[in-house]
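*Asks:*
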Amino acid sequence: MTDRIVLDARDLVVRYPGSPPVVAVDGVSLRIGAGETVALVGESGSGKSSVARAVAGIDRPAEGEVLFDSAPVSPLGIRRRARSLTAIQMVFQDPSTSLNPRRRVGDQVSDGIAAARARGLAASRPEEWFERVGLDTSWVSRFPHQFSGGQKQRVAIARALAARPHLLVADEPISALDASTQTSVAALMRDLVAELGAGMLFISHDLAVVRRIADRTLVMYGGRVMETGPTAEIWDSPRHPYTRSLLAAIPVPDGAGRIPVAPTADERASWTAIPPIEN
Amino acid sequence: MSAILTIDDLTVDIGRPLVKGVSLELQPGRIQGLAGESGSGKTLTSLAVLGLLPRQARTGGSIRLGDTQILGMKRRELNRIRGHRVAMVFQDPSSALHPQLTVGHQLTDHMRTHLGLSRSAARDRAAEMLERVKVPAAAEALGRYPHQFSGGQRQRICIAIALACDPDVLLADEPTTALDVTVQAGILQLLRDLATERELAVLLVTHDLGVMSAVADDVAVMRDGRIVEATDRASLFSAPQHEYTRSLLAALPGSRLEEDGS
Chain Y
1 MTDRIVLDAR
11 DLVVRYPGSP
21 PVVAVDGVSL
31 RIGAGETVAL
41 VGESGSGKSS
51 VARAVAGIDR
61 PAEGEVLFDS
71 APVSPLGIRR
81 RARSLTAIQM
91 VFQDPSTSLN
101 PRRRVGDQVS
111 DGIAAARARG
121 LAASRPEEWF
131 ERVGLDTSWV
141 SRFPHQFSGG
151 QKQRVAIARA
161 LAARPHLLVA
171 DEPISALDAS
181 TQTSVAALMR
191 DLVAELGAGM
201 LFISHDLAVV
211 RRIADRTLVM
221 YGGRVMETGP
231 TAEIWDSPRH
241 PYTRSLLAAI
251 PVPDGAGRIP
261 VAPTADERAS
271 WTAIPPIEN
Chain E
1 MSAILTIDDL
11 TVDIGRPLVK
21 GVSLELQPGR
31 IQGLAGESGS
41 GKTLTSLAVL
51 GLLPRQARTG
61 GSIRLGDTQI
71 LGMKRRELNR
81 IRGHRVAMVF
91 QDPSSALHPQ
101 LTVGHQLTDH
111 MRTHLGLSRS
121 AARDRAAEML
131 ERVKVPAAAE
141 ALGRYPHQFS
151 GGQRQRICIA
161 IALACDPDVL
171 LADEPTTALD
181 VTVQAGILQL
191 LRDLATEREL
201 AVLLVTHDLG
211 VMSAVADDVA
221 VMRDGRIVEA
231 TDRASLFSAP
241 QHEYTRSLLA
251 ALPGSRLEED
261 GS
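Chains as they are written, first to last, in full-length UniProt numbering: chain Y, 1 to 279; chain E, 1 to 262.
1) Look at residue 162 of chain Y and residue 138 of chain Y and say whether their C-beta atoms are less than 9 Å apart.
2) Suppose you measure from the CA of residue 259 of chain E to the CA of residue 94 of chain E; what does that come to, to the nearest Å?
3) Counting pairs of Cβ atoms below 8 Å between the stretch 139-157 of chain Y and the stretch 182-202 of chain Y, do you hit three or more?
4) Less than 9 Å between CB atoms is the rule here; does residue 108 of chain E satisfy it with respect to chain Y?
5) In this structure, does DSSP put residue 20 of chain E in helix, strand or coil?
6) Taking C-beta to C-beta, are residue 171 of chain E and residue 194 of chain E nearer than 9 Å?
7) According to DSSP, residue 220 of chain Y sits in a beta bridge with which residue or residues?
8) Can you tell me where the beta strand (DSSP E) holding residue 201 of chain E begins and where it ends?
9) With distances taken from CA atoms, which of Y:267, Y:233, Y:11 and Y:252 is nearest residue 64 of chain Y?
10) Alpha carbon to alpha carbon, how far is residue 11 of chain E from residue 152 of chain Y?
11) Residue 241 of chain Y to residue 160 of chain E, Cα distance in whole Å?
12) For residue 241 of chain E, write down the residues that DSSP places opposite it in a beta bridge.
13) Which residue comes first and which comes last in the beta strand (DSSP E) that contains residue 29 of chain Y?
14) Just to make sure I have the definition right: I need the residues of chain E whose C-beta is within less than 7 Å of the C-beta of residue 246 of chain Y. Which are they?
15) DSSP on residue 91 of chain Y, reduced to helix/strand/coil?
16) Around the Cβ of residue 37 of chain Y, are there at least 16 other Cβ atoms within 10 angstroms (buried) or fewer (exposed)?
17) Determine which residues share a DSSP beta bridge with residue 87 of chain E and list them.
18) Can you tell me whether DSSP reads residue 248 of chain E as helix, strand or coil?
19) Measuring only between beta-carbons, confirm whether residue 191 of chain Y sits less than 9 Å from chain E.
20) Among E:145, E:183 and E:56, which one has its Cα closest to the Cα of residue 264 of chain Y?
21) Specify the secondary structure class of residue 266 of chain Y as computed by DSSP and reduced to three states.
22) Counting only beta-carbon atoms, is residue 223 of chain Y nearer than 9 Å to chain E?
23) Quick one: which chain Y residues come within Cβ less than 7 Å of residue 210 of chain E?
24) Mapping the DSSP letters down to three states, classify residue 218 of chain E as helix, strand or coil.
25) Look at the alpha carbon of residue 80 of chain E and the alpha carbon of residue 111 of chain E, and state the distance between them as a whole number of angstroms.
26) Where are the beta strand (DSSP E) runs, 3 residues long or more, that stay fully inside the stretch 43-107 of chain Y, in chain order?
27) Can you list the residues of chain Y that residue 237 of chain E reaches, using a CB-CB cut of under 7 Å?
28) In terms of residues, what are the limits of the beta strand (DSSP E) holding residue 229 of chain E?
29) What does residue 252 of chain E touch in chain Y if you count any residue whose Cβ is under 9 Å from its own?
30) Mind checking whether residue 173 of chain Y and residue 145 of chain Y have CB atoms under 9 Å apart?
31) How many Å lie between residue 262 of chain E and residue 252 of chain E at the Cα?
32) Distance cutoff 9 Å, beta carbons only. Does residue 213 of chain E sit that close to anything in chain Y?
See below:
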């Protein structure tokens, strides 16, 4: 891992219109170094995806700034995005909607290659990326519907990586896949990203997988980061009560027949009052 | 104890054989887990019970509810069982509920058909059911639409719908997979309590072995259309016999098997 920071997001606030407006993200800062995998975990509605969208420049944050390779990220508009920003790539939750059903998968990976070439990088072939993500190279001429969910997500990963990103933003990339595939796809993403020297923001509500692949973890609740630190530390000795409840809610596959205790409404109300913890 | 639902040597063929001789028995008050990866045939097995397979599917073997053979039953007869004696809960509560009908409508329809209840009696019972599954403000909730509830509440509503006609058997296919872990815990506790207090036989289909370990009494592990191992929960997790079961357990993050091996 190098000390080069690829992503530096400061004091992000994301609001959605409504009466009153919904504050989805309430002052979140995060930095990701080259070759580093940072996980963002939390329940649905905690603001994880809003952070991802602001970081990738899909939504404009109401406050705060996002620096990518030390330059501000301009939000996506109708016009073609600045070339330098194609070094931010995303992998979404559902590969059956993020891949174009009417185009051959090899052509879709070629789009990523073209983005890399436009930034002056060497050309590559879709087959090379297929091989990297563990797909049969003869499948490049197939269409998305000819793949299983896990394979489609591998195609989406190949496409994102083919653009030679400096930052990969992955929003719940494995939750649509089944258990045995989940861990292997997540591990594959982590390895490939590290190999390319890119940083990764990995968003998931699955703490078990995050534990395995992330260098650092940010735990979000109610639009704020409750606890941050090295993943192993958070897992072994969670300090914020919210992190503790979250970890305690994961059923342990030990055969003991213990149902985890769901947090009470009072506990939920108390979490935001407790200041965030930085490990 | 005698089985309420008996699946015997079930085969399902959709162009090619996908379920290749599955046998399972569901007992009242017990949760039978069915584990395996996607494509192993676990969902097809549960769908076969309610005759929900694609039209071109060919089946063999038998599925008996009590003494009645229900595999291959005519649709008209099957409709008397569906949602009445055998009910089902699916993975995604947002697509399982009709977005344009009120919760009350969806909770009373089948009660009026199957149980012949009057409109007001069905509504009273619906409110009771919502209270039982801990949906807050049950009476007002009947007038609301699915989008006005969170994912966890929606799944509770689906469970209330499934249990409204007091079924003998509940088929739950990945009932907590779409939910957050903190919400999942509450749903698992609910399933456990309902199985016990209503003598309900539950078939729990899930790939999540943590969930399996939390609530299943017995677990069958499926692979490639066959059950490779079936035993009680404690034995499965402490002393898995089949190599495939061992590999599934070893693949779990932080598993003892994994740490021993690496």
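Glycine is no exception: its CB is placed at the ideal position from the N, C-alpha and C atoms.
*Replies:* Reading off the structure:
1) Mapped onto the first sequence, residue 162 of chain Y falls at position 162. Mapped onto the first sequence, residue 138 of chain Y falls at position 138. No, Cβ-Cβ distance for residue 162 of chain Y and residue 138 of chain Y is not below 9 Å.
2) Counting from one through the second sequence, the residue named residue 259 of chain E turns up at place 259. Counting from one through the second sequence, the residue named residue 94 of chain E turns up at place 94. A caution first: residue 259 of chain E carries a pLDDT of 39, below 50, which makes its placement in the model unreliable, though a value can still be read off. Their Cα atoms are separated by approximately 38 Å.
3) Segments in contact, yes.
4) Position 108 of the second sequence, counted from the first residue, corresponds to residue 108 of chain E. Chain Y contact via Cβ: absent.
5) Taking the first residue of the second sequence as 1, we reach residue 20 of chain E at position 20. DSSP places residue 20 of chain E in strand when its eight states are reduced to three.
6) Walking along the second sequence from the start, residue 171 of chain E turns up at place 171. Walking along the second sequence from the start, residue 194 of chain E turns up at place 194. No, Cβ-Cβ distance for residue 171 of chain E and residue 194 of chain E is not below 9 Å.
7) Taking the first sequence and counting its residues from 1, one reaches residue 220 of chain Y at position 220. Note: residue 220 of chain Y sits in a beta bridge opposite Y:225.
8) The count along the second sequence starts at 1 and reaches residue 201 of chain E at position 201. Residues 201-205.
9) The count along the first sequence starts at 1 and reaches residue 64 of chain Y at position 64. It is Y:11.
10) For the purposes of this step, residue 11 of chain E is taken as the residue at position 11 of the second sequence. For the purposes of this step, residue 152 of chain Y is taken as the residue at position 152 of the first sequence. Each residue's alpha carbon lies about 29 Å from the other.
11) Numbered from its first residue, the first sequence carries residue 241 of chain Y at position 241. Numbered from its first residue, the second sequence carries residue 160 of chain E at position 160. Approximately 32 Å between the Cα atoms of the pair.
12) Counting from one through the second sequence, the residue named residue 241 of chain E turns up at place 241. Paired residues: none, contrary to the question.
13) To locate residue 29 of chain Y, count along the first sequence from 1; it is residue 29. First-last of the beta strand (DSSP E) with residue 29 of chain Y: 22-33.
14) In the first sequence, counting from the first residue as 1, residue 246 of chain Y sits at position 246. By Cβ distance, chain E contributes 181 and 182.
15) Within the first sequence, the letter at position 91 stands for residue 91 of chain Y. Residue 91 of chain Y: strand per DSSP, three-state reduction.
16) Residue mapping note: residue 37 of chain Y aligns to position 37 of the first sequence, counting from 1. Answer is buried; the Cβ neighbour count reaches 16.
17) Residue numbering aside, residue 87 of chain E sits at position 87 when the second sequence is read from its first letter. For residue 87 of chain E, the pairing in a beta bridge is given by DSSP as E:170.
18) The residue given as residue 248 of chain E occupies position 248 in the second sequence. Residue 248 of chain E falls in the helix class under three-state DSSP.
19) Residue numbering aside, residue 191 of chain Y sits at position 191 when the first sequence is read from its first letter. Not an interface residue.
20) Position 264 of the first sequence, counting from 1, holds the residue named residue 264 of chain Y. Comparing Cα positions, the closest option is E:183.
21) Position 266 of the first sequence holds residue 266 of chain Y. Residue state, collapsed to three classes: helix.
22) Taking the first sequence and counting its residues from 1, the one referred to as residue 223 of chain Y is at position 223. With 9 Å as the cut-off, residue 223 of chain Y does not count as an interface residue toward chain E.
23) For the purposes of this step, residue 210 of chain E is taken as the residue at position 210 of the second sequence. Correct list: 250, 251, 252 and 253.
24) Within the second sequence, the letter at position 218 stands for residue 218 of chain E. DSSP places residue 218 of chain E in strand when its eight states are reduced to three.
25) Here residue 80 of chain E refers to the residue found at position 80 when the second sequence is read from its first residue. Here residue 111 of chain E refers to the residue found at position 111 when the second sequence is read from its first residue. Near 12 Å, if we compare the C-alpha coordinates of residue 111 of chain E and residue 80 of chain E.
26) Those beta strand (DSSP E) runs which fall completely within the stretch 43-107 of chain Y and span 3+ residues are 63-68 and 88-91.
27) By 1-based counting over the second sequence, the position of residue 237 of chain E is 237. Here the neighbours are 253, 254 and 255.
28) In the second sequence, residue 229 of chain E corresponds to position 229, counting from 1. Start and end: 226-232.
29) Here the question's residue 252 of chain E lines up with position 252 in the second sequence. Residues of chain Y passing the Cβ test: 179, 183, 208 and 253.
30) The count along the first sequence starts at 1 and reaches residue 173 of chain Y at position 173. The count along the first sequence starts at 1 and reaches residue 145 of chain Y at position 145. Judged by beta-carbon spacing, residue 145 of chain Y lies beyond the 9 Å limit of residue 173 of chain Y, meaning their Cβ atoms are not closer than that value.
31) Residue numbering aside, residue 262 of chain E sits at position 262 when the second sequence is read from its first letter. Residue numbering aside, residue 252 of chain E sits at position 252 when the second sequence is read from its first letter. Confidence at residue 262 of chain E is low in this model, with a pLDDT of 34, below 50, so its placement is unreliable and the value that follows should be read with caution. Looking at the two C-alpha atoms, the distance is approximately 13 Å.
32) The sequence position of residue 213 of chain E within the second sequence is 213, counting from 1. Yes, contact with chain Y.
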